[in-house]
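Engineer:
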Amino acid sequence: MTRAYEAAVAAISAEPDPQRGFEQATEVAAELRRLADLGADLRAQSVAKIWKAEELSLAGLAERIGVSKARADQLLKSAKTPKDQPKKEGSESV
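Under this note's numbering, the residues of the sequence shown are numbered 110 to 203, in order.
Structure below.
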């Protein structure tokens with residue numbers, strides 16, 4: 110991933126058209142955000158697998174993965190929440 114990022118930076122830096130370079134940098138930034146979100150989801154799913162496989166308490170899980178109980182709870186809740194769930198009817202903002 111680092112090599113791909115470095116290649117993108119080199120290509121953008123070498124772009125003679127500043128507008129095109131800006132557009133390419135914007136695309137890279139958007140993709141990095143998307144990948145970071147996917148990585149966070151993967152981490153949360155991995156925490157849930159540890160919790161289930163080892164039958165740990167929340168405190169035990171927190172100690173096992175090296176985070177606070179509150180953070181372990183957040184990760185478990187994140188793992189249980191579908192990321193692309195459609196909005197419920199009538200829940201749209203006015």
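Quick reminder that beta carbons are idealized off the backbone N, C-alpha and C, glycines included.
Using DSSP with H/G/I as helix, E/B as strand and the rest coil, what is G204?
Structural biologist: The structure shown does not extend to residue 204, since the chain spans only 110 to 203, so no value can be given for it.
Engineer: Answer yes or no: do L165 and R173 have a C-beta to C-beta separation smaller than 8 Å?
Structural biologist: Going by C-beta atoms, L165 is nearer than 8 Å to R173.
Engineer: Could you check whether the Cβ of Y114 sits closer than 7 Å to any heavy atom belonging to the ligand GTP?
Structural biologist: Among the components of this structure there are no ligands whatsoever, and the ligand GTP is therefore not found.
Engineer: Note the first and the last residue of the continuous alpha helix (DSSP H) segment covering V176.
Structural biologist: No alpha helix (DSSP H) contains V176, which DSSP labels as neither H nor E.
Engineer: Apart from the five residues on each side of it in sequence, which residues of its chain come closer than 7 Å, Cβ to Cβ, to D182?
Structural biologist: For D182, where only same-chain residues beyond five positions count, the Cβ hits under 7 Å are L167.
Engineer: So which of D146, L184 and Y114 has the shortest CA-CA distance to K158?
Structural biologist: Minimum Cα distance to K158 is reached at L184.
Engineer: Taking E115 as part of the alpha helix (DSSP H), name the residues at either end of that continuous run.
Structural biologist: Taken as a continuous stretch (DSSP letters only), the alpha helix (DSSP H) holding E115 covers T111 to A123.
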